[in-house]
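In this note's numbering, the protein residues as written are 1 to 354. Glycine is no exception: its CB is placed at the ideal position from the N, C-alpha and C atoms. Before any comments, here is the structure.
As structure tokens, then:
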């Protein structure tokens, strides 16, 4: 899909995908002035880091082991005795040190370095390098932390000062950043990046639906693996059956309604030798298979299952359905090219036909 999408709307997708939509009003100026997505991330990250430095970065505790002249924390008896340290007037200790060199701060510095090496806007590159060096002088290492280290330094929802800063730093390293084309704040999605942008679109839609529907009693699930309703099969064939994984699944226990939403970052229509416009058969077969293969597990419990193919629309609004063997299949498009307000309204009203 090579249709230009305004950068501000790509940015809104990022905010929804990263569950940071509460910060959208504080990023308006940067979203309008940046030339491409990496530059937008850099401008926002440097702005937030500057704010954090003025208010003091968050500190953390880091486990340390050192030989000291006085006791600090716990004595490491084995190391002290085996090293004959007491005779030297020293003792081996294990303690926790209050430090700025935390996984989250190292992630931010690594993101600044990564952006500085990727951008070609002199002022933004200089700002990234300057802030990285400032963090270094404060004792923050430049090495990007591992996933395990980040897991020990989770940012809670009430740490609003760090939430956006760490969220932006994580975005820098996310695998689904699309390609950009310079000029007029438009990002053009290259063919090779379609699957990456599709992930972004899927995550943003999933979070938008969660924000919209959870207060109304809906459960929002993502990436659930479905099982084939196999009765018998040849030996060894199970390993060769294709997997089935939903994009987004919506469940409403009170009304026994289930809706499978499959997001596709392509034109909703294609053409064939016989039809100028037709729904893409592969997508339709996939959604139909998802619904029919799960019937036995849901019908006896009284659930009513529906499916939706959700595409960006490209010059033509589609909002249609077909009822087939007890299931409603919906086909809907959402405009990614309009104003930011219109786009967000559409994103938050995907299921207005329910």
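Practice item. Within 10 angstroms of the Cβ of residue 39, are there 16 or more other Cβ atoms? Answer buried if so, exposed if not. Key: buried
Exercise for review: Answer yes or no: do residue 172 and residue 114 have a C-beta to C-beta separation smaller than 8 Å?
Suggested key: yes
Point to revise | Environment of residue 317 [buried if 16+ CB atoms lie within 10 Å] | key: exposed
Exercise for review: Could you please give the first and the last residue of the uninterrupted alpha helix (DSSP H) stretch that includes residue 127?
Suggested key: 122–137
Review point. Can you round the beta-carbon distance between residue 63 and residue 107 to whole angstroms, since I take them to be within the 8 Å contact cut?
Key: Going by Cβ atoms, the distance from residue 63 to residue 107 rounds to 19 Å, so no, they are not a contact pair.
**Study point:** Three or more C-beta pairs below 8 Å linking the segment 67–83 and the segment 134–151
**Key:** no
Review point. Taking the DSSP output, what are the residues bridged to residue 272?
Key: Residue 272 pairs with nothing; no bridge assigned.
Exercise for review: Return the CA-CA distance between residue 50 and residue 67, expressed in angstroms with no decimal places.
Suggested key: 37 Å
**Study point:** Beta-carbon contacts of residue 254 that lie in its chain and below 6 Å, excluding the five residues immediately before and after
**Key:** 217
Practice item. Please state if the CB of residue 169 and the CB of residue 111 are separated by a distance shorter than 8 Å. Key: yes
Review point. Does the count of Cβ pairs from the segment 285–292 and the segment 337–346 closer than 8 Å reach three?
Key: no
Review point. From the DSSP output, which residues share a beta bridge with residue 278?
Key: 270
Check your understanding: What residue ranges within the segment 15–92 form continuous beta strand (DSSP E) runs of no fewer than 3 residues, ordered along the chain?
Key -> 60–68
Review point. Relative to the alpha-carbon of residue 98, which residue among 313, 126 and 59 has its alpha-carbon at the smallest distance?
Key: 59
Point to revise | residue 283 versus residue 304: straight-line alpha-carbon distance, rounded | key: 21 Å
Review point. If you draw a straight line from the alpha carbon of residue 355 to that of residue 24, how long is it in whole angstroms?
Key: In this structure the chain extends from 1 to 354, so residue 355 is not present and cannot be described.
Practice item. To the nearest angstrom, report how far apart residue 160 and residue 274 are at their CA atoms. Key: 56 Å
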